[in-house]
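Structure first, then comments.
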Amino acid sequence: MFYQLYEMNHAAVAPFRAAADAMKFFYKNPLNPLSQTELGRSISASLELFERVTRRYGKPEFGLPQTVVDGQPVAVTEEIIWAKPFCNLLHFRRDLPASRPADEKILIVAPMSGHYATLLRGTVEALLPHADVYITDWIDARMVPVGEGSFDLDDYIDYLIEMLAVLGPGAHVVGVCQPSVPVLAAVAVMEDSKDPALPATMALMGGPIDTRINPTAVNQLAQEHPLEWFRDNVIMTVPWPQPGVMRHVYPGFLQLSGFMSMNLDRHLTAHQEFFQHLVKNDGESAERHRDFYDEYLAVMDLTEEFYLQTVDTVFIKHALPKGEMMHRETRVDTTAIRNVALLTIEGENDDISGLGQTKAAHTICTNIPDEKRMHYMQPDVGHYGVFNGSRFRREIAPRIIEFTRRHGVSRT
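Note that the working numbering numbers the sequence shown so that position 240 is 240, with each residue one more than the last.
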């Protein structure tokens, strides 16, 4: 009943949240003399803080209407080119001249771990000037009716293989965090079956390929409890009136609670500073806070079968590095990978996927030629900095682009 209580609490607070929002505008109105005083700004800041911490954050927009290609501004249009009940394949189509040589196609596989694909907005933005970018836009499980069926890790791998078939031979796939495992598994399955749509390269970024190496708090939690503990304690039923009512899920708000508890002091300090920025009328700093938490606090549910199979396969059994991972009835043989170039990227201070966990892909992909391998460790960044932020734009994104061009198929 915990999910139902969560929904009831959200509904019960709704009138107070609406009242706080209305009163905030009253105290911020420039025609109100109190808005020019510290008292008025303090009241307004308190009301906004209350409204924001009790709000449910919806799916954000990518908001990338244009990019710069060859030094010129270019319009960007989002289009869905492939769709299934649990995912859309989103293409950021750039308005380029037909005569211009085509760029390499890059499929970004976004994490299906609680946040929406828009968490990788910065990743997309950094790659857009140099590549034809696609991204997996995973759908909130509570929004998928039970009649659409189930979705597990095997389905995830099948989805990736289908998407790469849509993009065609010689594309490039980038797995960010959790998808590193299914991306590597999908490529292995494709190599083993001599799939003609095989990608030219795969880049694995901050992913849990082998969580026995430098285990983090997330890894240790999985090791300390049997799978039944997760089924009994974190799996809940979607309540009415959500479209996915009666679907068993791992709720996004639980995942968010876990992430926030790992750095609770930092989040409390951030909200305290946000309040002070509002009182001091520091609009720019306050807006940066809003932008970050509008994204960070927007979460989605995961299906029970996908969550439990991932926990069991990746974090409890370590099936992939042991050579025991199965895709349906077939063993995932990473030694079958010979033709796909491998790039691994890690952050020095990653507290989600410990240093060395992603690099382990090179150890288990024994038949990739040395000239098709590359590993890069980014100093002074944590997990988020592996795929976003200034260091990603300056130091990581250029390496991804250079790697794809070096090992890519010439396009006309």
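No residue lacks a Cβ here, since even glycine has one placed at the ideal position from N, Cα and C. Computed from a prediction, not measured in an experiment: that's the story for all the values here.
| Asked | Found |
| --- | --- |
| Burial state of K322, where buried means 16 or more other Cβ atoms lie within 10 Å | exposed |
| K317 (DSSP reduced to helix, strand or coil) | coil |
| C-alpha distance - V249 paired with V234, whole-angstrom precision | 8 Å |
| L128 versus K84: straight-line alpha-carbon distance, rounded | 25 Å |
| Beta-bridge partners of V74, as assigned by DSSP | T67 |
| For M326, the residue or residues it bridges with in DSSP | R331 |
| Cα-Cα separation between Y3 and A336, rounded to whole angstroms | 44 Å |
| Beta-carbon gap between Q255 and R142 smaller than 8 Å | no |
| Helix, strand or coil at T412 according to DSSP, with G and I counted as helix | Because T412 carries a pLDDT of 37, less than 50, the predicted location of this residue cannot be relied on, and no value is offered for it. |
| Beta strand (DSSP E) segment containing L89, residue limits | C87 to R94 |
| I213 beta carbon less than 8 Å from that of A360 | yes |
| Proximity winner among M262, N339 and Q66, relative to V409 (alpha-carbon distances) | N339 |
| Cβ shell of T344 (< 6 Å), same chain only, five flanking positions each side left out | L204, T358, K359, A361 and H375 |
| Cβ-Cβ separation, V146 to R247 (assumed contact under 8 Å), whole Å | 5 Å |
| Whole-angstrom C-beta distance between L64 and V124, which should lie under 8 Å | 6 Å |
| V76 beta carbon less than 8 Å from that of R94 | yes |
| CB of L278 within 8 Å of CB of S44, strictly | yes |
| Simplified DSSP assignment, three categories, for V124 | helix |
| Of the listed residues K372, G347, R41 and I368, nearest to D380 (C-alpha basis) | G347 |
| Endpoints, the alpha helix (DSSP H) within which Y27 is located | F2 to K28 |
| Buried/exposed call for Q378, threshold 16 Cβ in 10 Å | buried |
| Sub-8 Å separation of L90 and I80 beta-carbons | yes |
| Under the three-state DSSP convention, the category I135 falls into | strand |
| Residues of its chain near P73, where Cβ-Cβ distance is below 6 Å and the 5 sequence neighbours each way are ignored | Q66 |
| Closest Cα partner of Y159 within the set F253, F306 and R231 | F306 |
| Terminal residues of the beta strand (DSSP E) in which H172 lies | H172 to V176 |
| Test item: CB-CB of F259 and Y6 under 8 Å | no |
| Rounded separation between L49 and V299 - CA only | 19 Å |
| Buried or exposed (CB count within 10 angstroms, at least 16 for buried), P182 | buried |
| Under the three-state DSSP convention, the category V109 falls into | strand |
| Separation of F151 from V332, as counted between CA atoms | 19 Å |
| I352 versus V109 - alpha carbon distance | 18 Å |
| Length of the line joining the Cα atoms of L320 and F86 | 24 Å |
| Host beta strand (DSSP E) of R373 (start-end) | R373 to Q378 |
| Where G258 falls: helix, strand or coil (DSSP) | helix |
| Test item: CB-CB of I161 and L184 under 8 Å | no |
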